[in-house]
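Residue numbering for the sequence shown follows the working numbering, beginning at 28 and increasing consecutively.
By construction, the Cβ of each residue, glycine as well, lies at the ideal position given by its N, Cα and C atoms.
Worksheet: the structure to be examined is printed underneath.
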Amino acid sequence: MPATPPYTPIADIDAKLDIIEHLNQDHIEEVQAIAAYYYPDLAITNPLIIDIYKEGMLISAQVNNKPQELFVDFKLEGDLEEQVLYLAYTAMAEQGRDLTGNKKHYFEVIGKQKLTPNMTRLTLHSETPLPENYAGYAYGMILKVLNKTPLQQTVADKQQITSLTTSIKEQVNKQVKKRGNQAFLWLLKKVSSDRRQKIVKTINKDIRLYTLRSAWKSKKSDFNNQGYMDVFTHGNSAGSLWIETVNLGDIVFSRTETDDKHAHLQEGQTVLIADETAYPALAGILDFWQNDIPPHIVILSQQPLEQDYFDDNEFPVGATIHRIVSPYNQQGLKTLEILKDIESIDGVWGAFESKACKVVRHYLRNERQLTGKQNHIKGYWKATTD
């Protein structure tokens, strides 16, 4: 049913739109799960969140090939994104699906090298296909080494690992998983918002998203079975400590994987923005560049030597390169200075620190009238202090 006057509007419009755009861009599967679960008698396709109120959210979808608005009530108290994701988790739990988005992928490390003072490249071998369109494709890597084997691992050994993995997956009882999910959701509903966020953070504490820089076929393979994963390290962070322990012949693995959305960059005047954590994604996007109009490219870093990552990269002919070297908490405003001098902007892709992203995203939305479909600015990481 559509939203009616009794529903309370959200006062912070920018915060609401940030969440709507994030969920519609990066959590399409979850939005589909919500619509299907709470309206089980409808044949729903292409659901999108179009508004959020304090009491619930409004979804626009195709129902029997006709547009229809559906309202879903929230089930707990918390911030807006928590509310929506809890609805999604509830729907997925009832369907017996894995709440972790479990898509394990195993890699053998066949190469490791330093590209810049803080960028390490892993060369990985996979027994299952890597994506053809790898631009921005990321894996949620578990910060562990599964086992260490000699570099000359035999084919039989690899097959044994694959067989063991398959066997373990087959032994998981769906009903047990469903009950475990339901118990977990019951707990999340009972605790405070702060406690809830701490629980979720604890679950994901050993997982980091790292981007596949490129992928290719080895001589005897019919699919992309090798690739680069470039990891930006910083201080004593969990990811930095993990990368130090990884050696040739090790098996590393991911729990989740996700692609990136950048079809809006194929035409018009575009702007690309990336800090060190997003260099691999930006480089991948440039590998597949087809837009005849040269882009503006804003490269952010806290240290000048990190920008050497792009020294050998072929930028599109005519591209305007803007280089910003500054502390992360100044990068948002410095990026705005560049954007204000660009006469026309039709589409933007960017990934850097979360607070800086908000500054840029809100400017593009409110001053340049870029909608969510054309304004893909996402926080790749969040600073704990300024």
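In angstroms with no decimal places, state the Cα-to-Cα distance between residue i and residue j.
i, j, result
"K102", "K400", "29 Å"
"K244", "A308", "20 Å"
"Y65", "E96", "13 Å"
"E370", "I404", "19 Å"
"T150", "R392", "39 Å"
"Q59", "L332", "44 Å"
"I234", "P33", "41 Å"
"A346", "F337", "13 Å"
"E341", "A290", "20 Å"
"I47", "K247", "45 Å"
"K382", "D39", "16 Å"
"A162", "M84", "32 Å"
"T283", "A62", "23 Å"
"K81", "I270", "43 Å"
"T297", "T35", "37 Å"
"T193", "K385", "Only weak support exists for where T193 lies, its pLDDT of 49 falling under 50; the value from the coordinates is given anyway. Taking the straight line from one Cα to the other gives about 42 Å."
"I169", "K93", "43 Å"
"I365", "Q396", "17 Å"
"F211", "N356", "Model confidence at F211 stands at a pLDDT of 48, short of 50, so the residue's coordinates are unreliable and nothing is read from them."
"S353", "L236", "24 Å"
"S153", "I37", "46 Å"
"T411", "V90", "43 Å"
"H54", "I71", "16 Å"
"F98", "E109", "17 Å"
"K409", "L69", "39 Å"
"G105", "K43", "14 Å"
"H349", "Q330", "15 Å"
"F315", "A242", "13 Å"
"D249", "D368", "47 Å"
"I372", "D335", "27 Å"
"D287", "V387", "19 Å"
"K171", "E394", "44 Å"
"A265", "G295", "40 Å"
"V258", "D41", "32 Å"
"Q358", "K131", "35 Å"
"E135", "E57", "31 Å"
"R148", "G138", "8 Å"
"T100", "Q52", "What sits at residue 100 in the sequence shown is Asp, not Thr. When rounded, the distance between both Cα atoms is 22 Å."
With DSSP as the reference, please indicate the residues paired to residue i in a beta bridge.
i, result
"D78", "L85"
"V136", "L151"
"D100", "G83"
"S281", "H132 and M168"
"A242", "G254"
"E57", "According to DSSP, which records beta bridges pairwise, E57 is partnered with nothing at all."
"R350", "I326"
"E380", "W408"
"H403", "W376"
"W95", "Note that residue 95 corresponds to Gln in the displayed sequence, not to Trp. DSSP lists A88 as partners of Q95."
"F259", "M146"
"A118", "For A118, which the question treats as bridged, DSSP gives no partner whatsoever."
"Y355", "In DSSP, Y355 forms no bridge with anything."
"Y237", "Y166"
"V298", "H323 and V375"
Can you round the beta-carbon distance between residue i and residue j to whole angstroms, since I take them to be within the 8 Å contact cut?
i, j, result
"L292", "G374", "5 Å"
"L363", "Y390", "6 Å"
"I86", "P67", "Their Cβ separation, rounded to whole angstroms, is 14 Å, which puts I86 and P67 out of contact at 8 Å."
"H120", "T238", "Checking the sequence shown, residue 120 turns out to be Ala, not His. With 8 Å as the limit, A120 and T238 do not qualify as a contact, their Cβ atoms being about 30 Å apart."
"L107", "I76", "About 10 Å separates the two Cβ atoms, so there is no contact after all."
"P321", "V344", "7 Å"
For residue i, is the classification buried or exposed, using 16 other Cβ atoms within 10 angstroms of its Cβ as the cut-off for buried?
i, result
"L360", "exposed"
"N402", "buried"
"L268", "exposed"
"Q317", "exposed"
"Q122", "exposed"
"S281", "buried"
"D78", "buried"
"I4", "With the chain represented from 28 up to 413, any question about residue 4 goes unanswered, as that position is not in the structure."
"H22", "Beyond the ends of the chain as shown, which are 28 and 413, falls residue 22; an answer cannot be given."
"A305", "buried"
"A88", "buried"
"T398", "exposed"
"D319", "exposed"
"G167", "buried"
"D45", "buried"
"G311", "buried"
Flag this pair as touching only if the segment 269-279 and the segment 370-388 have three or more C-beta atom pairs under 8 Å; answer yes or no.
-> no
Would you call the segment 312-329 and the segment 292-302 in contact, with 3 or more CB pairs under 8 Å?
-> yes
Evaluate the contact criterion for the segment 248-258 versus the segment 150-163: three or more CB pairs, one atom per stretch, below 8 Å.
-> yes
Touch check for the segment 100-116 and the segment 136-151: three-plus C-beta pairs under 8 Å?
-> no
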